[in-house]
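There are 2 protein chains.
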Amino acid sequence: MAANAPRRQPTLDEVAEHAGVSRSVASRALNNAPHVSRAKREAVERAVRQLGYVPNSTARALATRQTGAAALVVSGEDPSIFADPFFARVIVGASAALEEADLHLMLCLAASDRGRKRVAELLRSRGADGVMLMALREDDPLTRMAEEARMPVVFGGRPVGSVPRWYVDVDNVGGARAATEHMVSRGRTRVAAICGRLDTEAGRARYRGYRDGMLAAGLEPLPPWEGDFTEPSGAAAMAALLARHPDVDGVFAASDNMAAGALRTLRTAGRRVPADVAVVGFDDLAVAQIADPPLTTVQQPIEALGREMARMLLALVDGQDPTALLLPTRLVVRSSA
Amino acid sequence: MAANAPRRQPTLDEVAEHAGVSRSVASRALNNAPHVSRAKREAVERAVRQLGYVPNSTARALATRQTGAAALVVSGEDPSIFADPFFARVIVGASAALEEADLHLMLCLAASDRGRKRVAELLRSRGADGVMLMALREDDPLTRMAEEARMPVVFGGRPVGSVPRWYVDVDNVGGARAATEHMVSRGRTRVAAICGRLDTEAGRARYRGYRDGMLAAGLEPLPPWEGDFTEPSGAAAMAALLARHPDVDGVFAASDNMAAGALRTLRTAGRRVPADVAVVGFDDLAVAQIADPPLTTVQQPIEALGREMARMLLALVDGQDPTALLLPTRLVVRSSA
DNA sequence: TCGGGGACTGGGAGCGCTCCCACTGGAAGC
DNA sequence: GCTTCCAGTGGGAGCGCTCCCAGTCCCCGA
Chain A
1 MAANAPRRQP
11 TLDEVAEHAG
21 VSRSVASRAL
31 NNAPHVSRAK
41 REAVERAVRQ
51 LGYVPNSTAR
61 ALATRQTGAA
71 ALVVSGEDPS
81 IFADPFFARV
91 IVGASAALEE
101 ADLHLMLCLA
111 ASDRGRKRVA
121 ELLRSRGADG
131 VMLMALREDD
141 PLTRMAEEAR
151 MPVVFGGRPV
161 GSVPRWYVDV
171 DNVGGARAAT
181 EHMVSRGRTR
191 VAAICGRLDT
201 EAGRARYRGY
211 RDGMLAAGLE
221 PLPPWEGDFT
231 EPSGAAAMAA
241 LLARHPDVDG
251 VFAASDNMAA
261 GALRTLRTAG
271 RRVPADVAVV
281 GFDDLAVAQI
291 ADPPLTTVQQ
301 PIEALGREMA
311 RMLLALVDGQ
321 DPTALLLPTR
331 LVVRSSA
Chain C
1 MAANAPRRQP
11 TLDEVAEHAG
21 VSRSVASRAL
31 NNAPHVSRAK
41 REAVERAVRQ
51 LGYVPNSTAR
61 ALATRQTGAA
71 ALVVSGEDPS
81 IFADPFFARV
91 IVGASAALEE
101 ADLHLMLCLA
111 ASDRGRKRVA
121 ELLRSRGADG
131 VMLMALREDD
141 PLTRMAEEAR
151 MPVVFGGRPV
161 GSVPRWYVDV
171 DNVGGARAAT
181 EHMVSRGRTR
191 VAAICGRLDT
201 EAGRARYRGY
211 RDGMLAAGLE
221 PLPPWEGDFT
231 EPSGAAAMAA
241 LLARHPDVDG
251 VFAASDNMAA
261 GALRTLRTAG
271 RRVPADVAVV
281 GFDDLAVAQI
291 ADPPLTTVQQ
301 PIEALGREMA
311 RMLLALVDGQ
321 DPTALLLPTR
331 LVVRSSA
C-alpha cells in the first residue's frame, strides 16, 4: 500500500480504448471467446501488455456469479485439531486439484461460535462457488448449515448419523478389519482396540472394523478404549488397558499418534513390541516410520482424499452429478506387528 | 446446486422494498451506519430476517474495493513441504487473527510454475486485500512479485538476501545460540550443527547462531552439515557427521524432525543420548515430546508468528504503518541435552 | 442482381452493493 | 420570528466486468 504504486489499475475500458476497440471485443479477446478478428485480438493483447492490465476478479465474479474460489471448512471445537498433519495433506491434495481448474482455496477453521457463524454466512452469501466440509462430529451444527447452503457441498468423511449425497470417504471399516485380522493371523488372540473419538464417524467405523475382524476370527471383541486420536490419549488408553487386561497381546490403535502413545506406555511398562504385544496404527503419517519400532499401520490416501473432494466439487459446480467415493485403505506392514 | 433451493437470493433492493425504506437506508442499517431512525432500522432487521437475506459479498467487494480476504502464500518447489505441521500451526494463528477482523483466509501453495503464476495474478488482480508470504528461498521469484504487488505484503520470516519493510520473524540466531551455549555450558566441547537448507534464511540464521555460540565459548565451530529440515535428512546428516567426527559429543539440529532423525542414527550407532552425545532440536513440535529421549529444543512461537503476520497485515490494510517484528525463541530443556 | 447467412462489432443493460449528495423537516440558536 | 443546523431520507451514479442483442459488412448461392 504505502509502499506500492498508487496508480490505479487500468480497467477493461482503458484497454479497449487503447486498443481502439469496444469493451465487448476486448472482453471477448481476453476470454478467448469467438467473434474477434485476429487483428483486434492482437491489438487487445498488445494493449494488455502495455498497460499491465489484470482483470479485476471481483468485478468478474459479480458479473458471472462465480467467485472462482472453493472453501475448505474444518470443523472442531479446538482450533489445534487442525494442526494435525492430516489436514495439511488434505489441503495439499485439494489445492492441487483446484489449481487445475484455476480455483482458489479458502480455508475456514470453524472452531468457535464466531467461526461457525462466519461459515454459515459464507455458505449463504455466495462467497465461494462450493464447499468441502470436514471432521463433522455428532450433532455438528455445520451439518444443518450445509443442507441450507446455496452452493454445492462435498463432505470429507461422512458425518455421524447421516449419509450425505456427495462425500469422499476412506474405507475405515475395511482398514481396521485388515489391521485386526493381520494380528489375529499372526496368532494374537487377546487383541484390544484403542479408538478415536466415538462421536466421529471415523472413530466409530474403525472400531466397527476391529469388531468385525475379531468376530470373523471367532474371538471376543473388547469394548472400545476411547482416545481422541492424539499421542497422549493413546498413552493413557494403553495404560488403562494394561491395568484392566494385563495379558493383552495385540492392540489396534485408530491413529498413528495414539499408536505412538501406546508404544510409549508399553515401553515404560517393560513390554516388548511386537514380541509381547503387537501394535497396529492407522493413517501412515510420518510418525509411523519414525516410531520405535516402526509402526505397522493402515495407510489411508490422504492427499487423494483432498484431491477427490475437490474434483467432486468441481464436477458439482460444473452442473454434473458425481457419485460418492470410498477410497481404499491398505495395511503397511513394518515391525510393530 | 441440484439439491439446493434454486430460489434466488433476495437482494438489498427487495429487503428495502419489503421494509418500506430506500435501498440507502437499508444499506446503512445493515452496516450499522448512522442516519437511520430506530423505527426503520428495526423494519430493515425484520425484513432481513423474514427474507433470509444475506448480503452478496462479491457485490460488496466490488463497491468497497475490499475483498474481505487475505492470502497466505507458501512458496516451495515441493508441495509436500507444506504438509509440515509448522505451516498448519501458522495457519491456526493467522486464521484466528483474521477472524477477529472478519477476513477470510485464502491459501496459495506456490509450488509449481502454474501456482506461482496464479499467485502473481492474485497479487495484481485485487483478489485479496493483502498477502502473507512464507518460506521464500534464495532467488525466489515470489520476492520480486511481492514488490510489484498492488496490495500490502507481509513476510513470514525474512527472505534470503533482503530485508523487507514488513515482516514477522523468529529469533533464529538467538535460539540457535542458546541451544549451543546450553550444551557448551554442560561441558560439551565437540558440538556440531545439522543445518536446514542453507538457501533459506532460517537455515542460515540458525547456523549463524550455532557459530556465534561456539565462538563465544572459545570453541571452534564445525562447518554445517546440511539437511532439509526433514527426519531422513537429519538421520543422514548424523551418519555423515559420525563418520567424519566420531568423537562428537553434542549436536544442534536446526529442526526437531532432523533432531529426531539424528536420534535414530545415534541409537542404531549405539550412542547413548545424552550420555555420549547431547542433542538439541529446534521448533518444539509434537515430535519433540514424543521422541526418545524427549528432545531439549528451541521453542518458537509458531501460532504467534501466524497471528502477528495477520495483525500486521490488518494494520497495513487499515492504512497504518506497523513495524517489523522479531518474536523471541526460548530453550525448552528436556532429556536429550 | 439480390436475398440470406455468418463473422464481427459495440452499445447498453445489468450483477448487487456502497456512497455522494441534494433534499426535507423539526429542533435549536439569536 | 427567522435563520441555522443536522438527523434522516432516497435518488442516482458508480465499482469493472459479462453478455445479450441489434446492427454492419462481406461473401456466397440462386
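Those sequence lines, one after another, are chains A and C.
Reminder that position 136 of the first sequence reads as 136 in the UniProt record's numbering, one-by-one numbering, no gaps.
Reminder that position 69 of the second sequence reads as 69 in the UniProt record's numbering, one-by-one numbering, no gaps.
The beta carbon of each residue, even a glycine, is placed where N, CA and C say it ideally should be.
Who are residue i's beta bridge partners in DSSP?
i: residue 299/A; result: 283/A, 330/A
i: residue 250/A; result: 191/A, 278/A
i: residue 226/C; result: 195/C
i: residue 185/A; result: Answer is none; residue 185/A lacks a bridge partner.
i: residue 325/A; result: 168/A
i: residue 132/A; result: 72/A, 154/A
i: residue 137/A; result: 200/A
Take residue i as the anchor and find which of the options has the nearest alpha-carbon.
i: residue 10/C; options: 125/A, 254/A, 144/A, 81/A; result: 125/A
i: residue 296/C; options: 61/C, 274/C, 67/C, 307/C; result: 274/C
i: residue 129/C; options: 313/C, 83/C, 258/C; result: 313/C
i: residue 207/C; options: 184/C, 185/C, 173/C; result: 173/C
i: residue 105/A; options: 122/C, 101/C, 99/C, 90/C; result: 122/C
i: residue 56/C; options: 66/A, 315/A, 54/A; result: 66/A
i: residue 316/C; options: 271/C, 27/C, 266/C, 155/C; result: 155/C
i: residue 13/C; options: 40/C, 42/C, 53/C, 35/C; result: 53/C
i: residue 151/C; options: 318/C, 330/C, 331/C; result: 318/C
i: residue 247/A; options: 264/A, 224/A, 278/A; result: 278/A
i: residue 73/A; options: 132/A, 99/A, 29/A, 43/A; result: 132/A
i: residue 18/C; options: 36/C, 50/C, 252/C; result: 50/C
i: residue 294/C; options: 44/A, 201/A, 293/A, 264/A; result: 264/A
Pull up the distance between the alpha-carbon of residue i and that of residue j, whole angstroms please.
i: residue 307/C; j: residue 215/A; result: 50 Å
i: residue 1/C; j: residue 262/C; result: Only weak support is given to the placement of residue 1/C: the predicted model assigns it a pLDDT of 37, under 50, and the value that follows is read from those uncertain coordinates. Cα to Cα, residue 1/C sits roughly 52 Å from residue 262/C.
i: residue 280/A; j: residue 245/A; result: 18 Å
i: residue 269/C; j: residue 219/C; result: 26 Å
i: residue 416/A; j: residue 21/A; result: This structure gives no information on residue 416/A, because the portion of chain A shown stretches from 1 to 337.
i: residue 87/C; j: residue 305/C; result: 10 Å
i: residue 5/A; j: residue 148/C; result: The predicted model places residue 5/A with a pLDDT of 39, which falls under 50 and marks its position as unreliable, so this point remains unresolved.
i: residue 81/C; j: residue 79/A; result: 21 Å
i: residue 64/C; j: residue 310/C; result: 21 Å
i: residue 32/A; j: residue 38/A; result: 11 Å
i: residue 101/A; j: residue 118/C; result: 11 Å
i: residue 250/A; j: residue 83/A; result: 29 Å
i: residue 335/A; j: residue 203/A; result: 24 Å
i: residue 107/C; j: residue 190/C; result: 43 Å
i: residue 282/C; j: residue 176/C; result: 8 Å
i: residue 34/C; j: residue 26/C; result: 11 Å
i: residue 146/C; j: residue 141/A; result: 39 Å
i: residue 233/A; j: residue 236/C; result: 32 Å
i: residue 68/C; j: residue 120/A; result: 16 Å
i: residue 15/C; j: residue 40/C; result: 12 Å
i: residue 333/A; j: residue 210/A; result: 17 Å
i: residue 260/A; j: residue 291/A; result: 7 Å
i: residue 272/A; j: residue 185/C; result: 37 Å
i: residue 3/C; j: residue 115/C; result: The pLDDT assigned to residue 3/C is 35, lower than 50, so where the model puts this residue is not dependable; a value taken from the coordinates is nonetheless given after this. Approximately 32 Å between the Cα atoms of the pair.
i: residue 340/C; j: residue 62/C; result: Because residue 340/C is not part of the residues shown, which for chain C are 1 to 337, the question remains open.
i: residue 329/C; j: residue 180/C; result: 14 Å
Could you check whether the Cβ of residue i sits closer than 6 Å to any heavy atom belonging to the ligand NAD?
i: residue 301/C; result: Judged by which ligands are present, the structure shown has none, so any question about the ligand NAD falls away.
Whole runs of the alpha helix (DSSP H) within the region 86 to 124 of chain C, excluding any shorter than 4 residues: 113 to 124
Contact the region 133 to 140 of chain C vs the region 148 to 159 of chain C: 3+ CB pairs below 8 Å: The region 133 to 140 of chain C makes contact with the region 148 to 159 of chain C, as at least three CB pairs between them are under 8 Å.
Three or more C-beta pairs below 8 Å linking the region 103 to 120 of chain A and the region 88 to 95 of chain C: yes
Three or more C-beta pairs below 8 Å linking the region 284 to 293 of chain A and the region 248 to 259 of chain A: yes
Stretch pair the region 226 to 241 of chain A + the region 192 to 212 of chain A: three plus CB contacts closer than 8 Å: yes
Minimum length 4: unbroken alpha helix (DSSP H) runs contained in the region 12 to 77 of chain C: Fully enclosed alpha helix (DSSP H) runs of 4 or longer: 12 to 19, 23 to 30, 38 to 51, 57 to 64.
Touch test, the region 165 to 172 of chain A against the region 322 to 330 of chain A, Cβ-Cβ under 8 Å, three pairs minimum: yes
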